[in-house]
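> There's a structure below that I have some questions on.
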Amino acid sequence: TTWFAGAKGCVGIVIGEEEFTGERKAFIGAANGRNENADAEAITAWGIRLSVAVLQGLIKKLEVNSKVTKKVTGLIETWKCHICGEERPDDKISVLSKPLIINGQACGEQNIRYCNDRPGCLEGAKGFSFFKEG
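Residues in the sequence shown are numbered from 3 upward in steps of one, following the working numbering.
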């Protein structure tokens with residue numbers, strides 16, 4: 003996800019992967035900027051789908067570092083573990099899907115990335131949540 007913040011909110015470009023086909027999709031949309039994960043979900047659900055050509059055109063107009071460019075163009079070589087925070091190669095990261103429960107209500111799913119070669123990260127992923135009740 004790449005965010006562009008302004009005085010009145012944020013615009014985000016979200017790259018996602020179709021769960022069953024593995025196809026990468028890109029969406030752009032506005033968000034309130036209060037919660038990155040919720041904003042990314044909203045943009046994926048309601049944002050405008052970008053073609054590869056449009057996405058590449060946007061990237062050419064932006065001044066971004068090479069790491070961001072790789073993420074936005076779908077050429078991700080590494081993923082950040084949600085547990086240890088380390089950037090790891092694609093083959094060293096797995097995803098644990100868990101139901102998202104807020105105030106006792108099921109509200110969707112959380113996809114938590116963890117290092118698949120580190121038992122501590124898998125154990126941490128089992129207890130991890132993007133949202134804290136309170």
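For glycine and all other residues, C-beta sits at the position ideal for the given N, C-alpha and C.
1. When you compare only the Cα positions, how much space is there between Ser99 and Gly129?
2. Taking Cβ to Cβ, would you say Trp81 is nearer than 8 angstroms to Asp92?
3. From this set, Tyr116, Gly122 and Val16, which residue's C-alpha is nearest Glu38's C-alpha?
4. Just the Cα atoms here: how many angstroms apart are Thr46 and Phe29?
5. At the level of alpha carbons, what is the spacing between Ser53 and Gly87?
6. Would you check if the distance between the CB atom of Ala33 and the CB atom of Gly18 is smaller than 8 angstroms?
7. What is the rounded straight-line gap between the Cα of Thr75 and the Cα of Leu57?
8. For the alpha helix (DSSP H) that contains Lys94, what are its first and last residues?
9. Can you look up Gly14 in the DSSP assignment and give me helix, strand or coil?
10. Are the CB atoms of Ala127 and Ile95 within a distance shorter than 8 angstroms?
From the atom records:
1. The residue given as residue 99 occupies position 97 in the sequence shown. The residue given as residue 129 occupies position 127 in the sequence shown. Rounded to the nearest angstrom, the gap between the Cα atoms of Ser99 and Gly129 is 12 angstroms.
2. Within the sequence shown, the letter at position 79 stands for residue 81. Within the sequence shown, the letter at position 90 stands for residue 92. Closer than 8 angstroms, so yes.
3. The residue labelled residue 38 in the question sits at position 36 within the sequence shown. Taking only the C-alpha atoms, the option nearest Glu38 is Val16.
4. Along the sequence shown, read from residue 1 onward, the residue named residue 46 stands at position 44. Along the sequence shown, read from residue 1 onward, the residue named residue 29 stands at position 27. Rounded to whole angstroms, Thr46 to Phe29 spans 6 angstroms at the Cα level.
5. Along the sequence shown, one-based indexing puts residue 53 at 51. Along the sequence shown, one-based indexing puts residue 87 at 85. Straight-line Cα distance between these residues: approximately 31 angstroms.
6. Indexing the sequence shown from 1 puts residue 33 at position 31. Indexing the sequence shown from 1 puts residue 18 at position 16. Taking 8 angstroms as the Cβ cut-off, Ala33 and Gly18 do not qualify as a contacting pair.
7. Along the sequence shown, read from residue 1 onward, the residue named residue 75 stands at position 73. Along the sequence shown, read from residue 1 onward, the residue named residue 57 stands at position 55. With a pLDDT of only 46 at Thr75, under 50, the local geometry of the prediction cannot be trusted, and the value read off the model is given with reservation. Those two C-alpha atoms are separated by around 7 angstroms.
8. For this step, residue 94 is matched to residue 92 along the sequence shown. Where Lys94 is concerned, there is no enclosing alpha helix (DSSP H), given that its DSSP letter is neither H nor E.
9. Your numbering for residue 14 matches position 12 in the sequence shown. Note: Gly14 maps to strand in three-state DSSP.
10. By one-based count along the sequence shown, residue 95 stands at place 93. By one-based count along the sequence shown, residue 127 stands at place 125. For Ile95 and Ala127, no; Cβs fall outside 8 angstroms.
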